Amino acid sequence: MSGAVASWLLAAPVALPLGAGLIVPLLRRGRSLAALAAGAGVVAAALLLLAVRDPDGAMELAVGGWSPPLGIRWRADLLAITFLLSTAVIALTVALFAALHLPRAEPALAGRLWAPLLFLWSALNALYLSADVFNLYVTLELLTLAAVMLVTLEGERQALDGAMRYLLVALAGSTVYLLGVALLYHATGTLDLTLAAGAVPGAALALMTVGLMAKGALFPLHGWLPPAHAAAPAPGSALLSAVVVKSAFYILLRLWLEAAPDEHAGRMLLAACGTGAVLWGSLLALTQKRLKLLVAYSTVAQLGYLLLVFPLAVGSWSGPAYAGAVWLAVSHGLAKAAMFLAAGTVMHALGHDRIAELRGLAHHAPVTMLTLALAGVTLMGLPPSGGFVAKWLLLSAAFGTGQWFWALVLLAGGLLAAVYTFRVIGAGFGEAALARVPRRAPQWLAFALATAALLAGVVAELPLRQLQEAAP
Amino acid sequence: MSGAEVPLAYALVGMVVLVRALYALFVRPHLLHKLVAGNLAASGVFLVITYAPDGGPPDPVAQALVLTGIVVSVAVTAYGAALLARLNETSGKPYLEHDHEA
Amino acid sequence: MILALALLPPLLAVALLAAPGMQRRVLTATPWLPLAALPAALAPPPPMELEFLLLGLRLGLEPWAQPLLAATALLWACAGWALRHGGPVSVPRLLAWQLTLAGNLGALMALDEPGFYLFFALLSIAAYGVVVRNRAARGAARTYLAVALFAELLLLAGLMLLALGRPGPTAGVLLLFGLGAKLGMLPLHFPLPPAYAATDAAGAAVFGGGLTMAAVAGWLRFVPQVGTQPELAIYALAAGLAAAFLGAAAGLLQRDSRALLAYSTISQMGIVTAGLGLALAGPAPLVAAPLALFALHHGLTKAALLLGTGAGGPLVLTGLALLSLALAGAPLSGGALAKAWLESMGEGAPALAEMAHGWLPFTSAATALLMARFLWLMRGAATRSGQRGPFAALTVTALAAPWLALLYLHPQPTELVKGWATLWPLLVAAGVLALAWPLRTRIGRWRLPPGDLVVVAAPLGRLLYRAAAAWGSGRPPRLLQLSRFAPRALERHLRGLPGTGVVLFALVLLFAVVLALG
Amino acid sequence: MTLQGALPLAILGSSLLPGLIIFFLAEPHRRGRTWLNMAGAVIKVLLVAGALLGVYHGATFEVAVPLVPDYPLLLRLDPLALLFVSLSAVLWLLTTVYAVGYLEGSPNRSRFFGFFSLCVSATVGIAMAGNLFTLFFFYEVLTLSTYPLVVHRETEQSLRAGRIYLAYVMTGSAVLLGAVVWLHALAGPFEFAVSGGAVDHLDAEHRPALLAIFLLMVGGFGVKAALVPMHRWLPAAMVAPAPVSALLHAVAVVKAGAFGIARTVYDVFGAELAHDLGGTTVLAAVAGFTIIYGSLRALQQDDLKRRLAYSTVSQLSYIVLGVSLVGPLATIGGLVHLVHQGIMKITLFFAAGNLAETLHLHKVSELDGVGRRMPWTMAAFTVAAFGMMSAPPLAGFVSEWFLGLGALEGDAPWALAVLLASSLLNAAYFLPVVYRGWFRPRRGPWHENLPRHRLETHPWLLLPPVITAGMVIALGLFAASVWSPLTWVRLIAAQEYPL
């Protein structure tokens, strides 16, 4: 296919939401339609990218014709496309949910949501496509700004407080990351990860990693996440928990597996942090009294899983472990979005989200309960969910590389997830009236996401094969 | 820009500024301090970036980075200031909840 | 085919009992149902395979088993007759009756191990229902069932060993006790006297006649397969003789006529046990016929006696006297013939045989004394109409059948007719009686509770049951409640910016160090 | 797709599709729901019958759906699978009839029947699984789809039971998953071996690891098979409605555990290797202990369902014992008990359910004279109870006979002693029930729960136990006939132990 079309395809995922984000605030009505249209366009572009990608070698685009190192280069390899596509699916569904849910639940927000949401989306896509560390820095900053805006939407004290906390930690994190970039540049004279591969100095790697951990709320730098995610409106928290935090992981993946392939001790340390995240996050999820906080802490825990990939992706097992981790990220994204949307419905239906008082949901909002349950299945990593096949691959790698202790973490994490999920499910049973009976359509959207997370286990064979082949 | 040498001192100063600023960002209770400190920290990094041991021709990339970086950090700081203002008017005090007590 | 035919009537009766309103008719038919087994007994067909049934059921009759089957059928007919005229019968009891009958007939015909176990288990479990006819009978019935079930399991284990082709001392012991429980083999004898005493005449007749013949048949069919077992032989012999005399002695101290007869069963079956011991002692193949004949004679006689306890009246008393003499082995009686034939056993182990034969006459004497006591207890029994007919019929059968059986089983029956050898034990008994006569009142005061050991065993059993039921009934510990544990303080520090700062710096250093080293 | 492949999928779908449809059926659609259920159940039975015929004549039915690279979802109908499949199919049909009658007019029926069908599908999937991956896959689906049935009543007690159930079973599956993946890391992908083991080619230095894996797997399955000390969830789960206790906690779920153990021993490790490793010895010991322990605990329960539950705990280990006493006869005994125990126990639960539903009787001590009021129910109960005591000619006797022979054949007389002692204990806790029902008079009037029928209770409640009781008799009486489970199991044993 011709280069022009390719470059359009590459530009669309960034340009469409960005443009829409700029236009929407100016519109008087039909905002949601415009936003959804742009979203649909992104989905289409992502699908096309997947369709036309050639298995060996990635599609590239030098933005504005400038070539690296001065110019910006976008690159769409399988990893990027996978994240693009999953983000697109999630974001579009979330947008639909927002369009259907907010006008009734929180009319005040209905209009103000779109701009930050679309900027967020655009920044995310740019991040996925960026190939050099400085672009990544910029996109990360934009992403952070958009995310913080989403958090502030509710506008009351907790929201603003959480947002500010988020902003400051992110700021510190990005500064540290930028220092790492500087060191990398001085050491290698390049900013391109592929070009710098193998030559990344330890200090730079350390700084960039920690900076990213701060931005991605990776244990023990996760403290800002729960208040921020819990304070945002349902669609916002869905996007934040499902995709935004994973952007940091996405960069770590490229950084450690592509640019710094043989830093085993460091990978162990990352996995150690992951272990901490799994245990600590689950434990706190267990102790939460509010549903949204519980879900947020479960995000902290689930991000820990992802870090386990680093020591596992070695030798002949790098393929399976890599594929498993990516697939875990995807299916967790779907599930987590579903959970937060469901939490939104709960909020709307009960006027609160205190776990102890969820009675009656099973009767009056069965779809939402089912959504929480199915999403929970993915978090627990049980069949037939995508979480299961991902876990299967990671476990295989753990035993295959003789690192059974990471296997213990994976298994324990699943159990803890079961405990806190069923804490919620169990609370929903029993007869009680709801404050408001929620609308059906938004519930079905959340349900669709949860089902997608479940189906991600059934249709996994082909994508997993391709990911294994594309593994660095 | 002339190809003057940017000595290591710059970089070291940049480091110091960064560390000091970050310290302030984390420890100073007042949010304005925090924001300014964040901005300073970024500037510290820029100093590090511009470090060019051997004179030679100026490095356009480094300059591009710094310029972009400055834009970004200004944006962030500006947004932070706006947020601070809103927080201040809703809660009445320019501090974060639960931090810095005791 | 006619073998299977023998089993059909009782099973059909069971089916009919399920239908409402049929009970009356079934009870009326009860006396006739057993007679369907007579053709099989009199015109023995070749063994038949029902390989689709159970684990491949094999029915058949050894020559010695035919008379037993015939006798059993007649016995059940008379008992059924007595049952029908013995007052109201509850449906469960009638059901149990038919099942016991089916089990009894089947046990005599089943040649394969599982098949025999099937019918024997049916017999002994259903018999519980025959015993428990009212509240008073519950205790006795429970004791009987407990021991019966225990014995069943021993029997099952023994049969399994045989089926697996691993005969041996273990199998021998298991079979001996598994079946011996029905024969009052020591020390499993104690349920019988209370059971006899608790049930009615008809039920007791079934116990004293039907069950014993079935159990002996089992012994004769399966014990020989374990081969020569000297140690076992000694034990069986000793236990048998001990039972013979102790049983008689304990019986003398009874007040209840049926309990007394139960002890007499224990004593008489002791003789069979001893005979079996002789068979186990030597290499010579077991000659089943004499023991079978003895079982037949005892079964019918004992059943008749038990039916008599339900009838009463002077005529009945004479009948009882005749039967008692037969049981004591008076000349020309079935008992005499059977014992005479027993003398021929045990050429495998002459020494033991010598000893056993030496004791045999004295068992007769003991029995004679015991029966005297029985008649004494029965002397004033009230007449009960409707029970005389079955008693008379069974008495005639009991006196005649041994002769017919002998004619069928023995080449020269006349050899066994002995005069003095069978007479003197009775005279001894008469002498003892004469001597003891003055002391009769004093002796009369001595007494032993029916089922001696049961006074210990039953409470012990109850105790065990209670202990098992009470043990460890406390609730197990609950699961660890994770949600109790709330590490909120630490989390607050991680959330606060200062904490975050510390962690961030520490992490940078940590990673730098690790990456520098690794 | 060939017929060979289509049949397993059809057998799976015949319960899966109705279930999924029922979920989205509004509560009032009683007729539609019943119709769907019955249709699915009948179709399944027919399909299974066809499969039985096919396999009997040597046909092979197999289909693989790619899921994870190298680990397809493999459904295969071998004799062992069919043993379990046909059991589940037949009992599902009966239980559906029963459940329709039982849940007459109670809430959340769509949810109930939806998950019920899901459970059955999962069970069938477990049975047909052709490799460990598939087995675990459906094993977990079963775990999850059972929970809503346990908590169906939504009372505090039932929710607590649900928590306990999950705590035990999920831990078990975590252990299981670890073991399975570990095994695959050693041996690579493999299918269940037709005869002998699938991993016995591994060389000697893996022995310690293999033993560890064996014990972990058995432990994982053991939770569902309610091996002591992992049994506590089962009595707790008895708060579920009677149909659930009957089909799932007497047959499907617990059998899934026992079946998993059988697969592990026979088709993964191979009886020989499992024996050489010493794994089966440990297993046999645990099973023996469980048999006695369960019976003793059953003796203590006054609540009828709890008594039955502990009896299940004990009886299940008959199967495990049979599997772990390596040898053809023990295998026959264990596997045939898989069927026999299921049918006997479901009869008991049906009967108990009838007593509770019709007369509000839950305790053994309340049953005096109930035999006169509900003769058919009590008759069914009695038959099954005697079967449990392994009294001939009932199904239980056949199992015990072969288990006993197997114990002797394997030179484990202690196992025989355990079995016999357990029979005695079974008598000790079942006979009082029978005795009270038939021989004790009732004082005072009955607490009638249902509108009085011409029959002793709702016909849909009465039919299933009577049928299954009939099966208990028939399976014992005609054990030697060609179409008995025993014959089928002999076929399997011959496959595992080629002579």
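Chains as they are written, first to last, in our numbering: chain A, 1 to 472; chain B, 473 to 574; chain C, 575 to 1092; chain D, 1093 to 1591. The beta carbon of each residue, even a glycine, is placed where N, CA and C say it ideally should be. From a predicted model like this one, the values you see are computed outputs, not experimental measurements.
In whole angstroms, what separates the C-alpha of residue i from that of residue j?
| i | j | result |
| --- | --- | --- |
| residue 1317/D | residue 278/A | 30 Å |
| residue 295/A | residue 1196/D | 38 Å |
| residue 1500/D | residue 661/C | 49 Å |
| residue 1031/C | residue 1508/D | 25 Å |
| residue 288/A | residue 1068/C | 16 Å |
| residue 99/A | residue 448/A | 16 Å |
| residue 947/C | residue 782/C | 18 Å |
| residue 343/A | residue 554/B | 30 Å |
Looking at the strands, I want to know which residues DSSP matches up with residue i.
| i | result |
| --- | --- |
| residue 1163/D | 1160/D |
| residue 132/A | 192/A |
| residue 60/A | 75/A |
| residue 684/C | 633/C |
Do residue i and residue j have their CB atoms nearer than 8 Å?
| i | j | result |
| --- | --- | --- |
| residue 1387/D | residue 1514/D | yes |
| residue 21/A | residue 122/A | yes |
| residue 1523/D | residue 1446/D | no |
| residue 1360/D | residue 1271/D | no |
| residue 653/C | residue 877/C | yes |
| residue 82/A | residue 330/A | yes |
| residue 1147/D | residue 1171/D | yes |
| residue 446/A | residue 338/A | yes |
| residue 1424/D | residue 1582/D | yes |
| residue 1221/D | residue 1268/D | no |
In chain B, what lies closer than 7 Å to residue i by C-beta?
| i | result |
| --- | --- |
| residue 1071/C | 498, 568, 571 |
Compare the C-beta of residue i with all C-beta atoms of chain C and state if any pair is closer than 8 Å.
| i | result |
| --- | --- |
| residue 1388/D | yes |
| residue 555/B | no |
| residue 266/A | yes |
| residue 1552/D | no |
| residue 1/A | With a pLDDT of only 47 at residue 1/A, under the threshold of 50, the placement of this residue in the model should not be trusted, and no figure is reported. |
| residue 1490/D | yes |
| residue 488/B | no |
Could you confirm whether any beta carbon from chain B is found closer than 8 Å to the beta carbon of residue i?
| i | result |
| --- | --- |
| residue 1066/C | yes |
| residue 523/A | Since the first residue shown for chain A is 1 and the last is 472, residue 523/A is missing from the structure and cannot be characterised. |
Using a Cβ-Cβ cut-off of 8 Å, state whether residue i counts as contacting chain A.
| i | result |
| --- | --- |
| residue 1063/C | no |
| residue 1242/D | no |
| residue 791/C | no |
| residue 506/B | yes |
List the residues of chain C that residue i touches, going by C-beta distances under 8 Å, in chain order.
| i | result |
| --- | --- |
| residue 1516/D | 723, 724, 727 |
Taking 8 Å as the CB-CB cut-off, is residue i touching chain D?
| i | result |
| --- | --- |
| residue 740/C | yes |
| residue 808/C | no |
Which chain A residues are close to residue i, counting only those with a beta carbon under 9 Å from its beta carbon?
| i | result |
| --- | --- |
| residue 514/B | 171, 174, 175, 178 |
Could you work out which residues of chain C lie near residue i, taking near to mean beta carbons separated by less than 9 Å?
| i | result |
| --- | --- |
| residue 494/B | 1075, 1078, 1079 |
Mind pulling the chain C residues with CB within less than 7 Å of residue i?
| i | result |
| --- | --- |
| residue 1570/D | 626, 627 |
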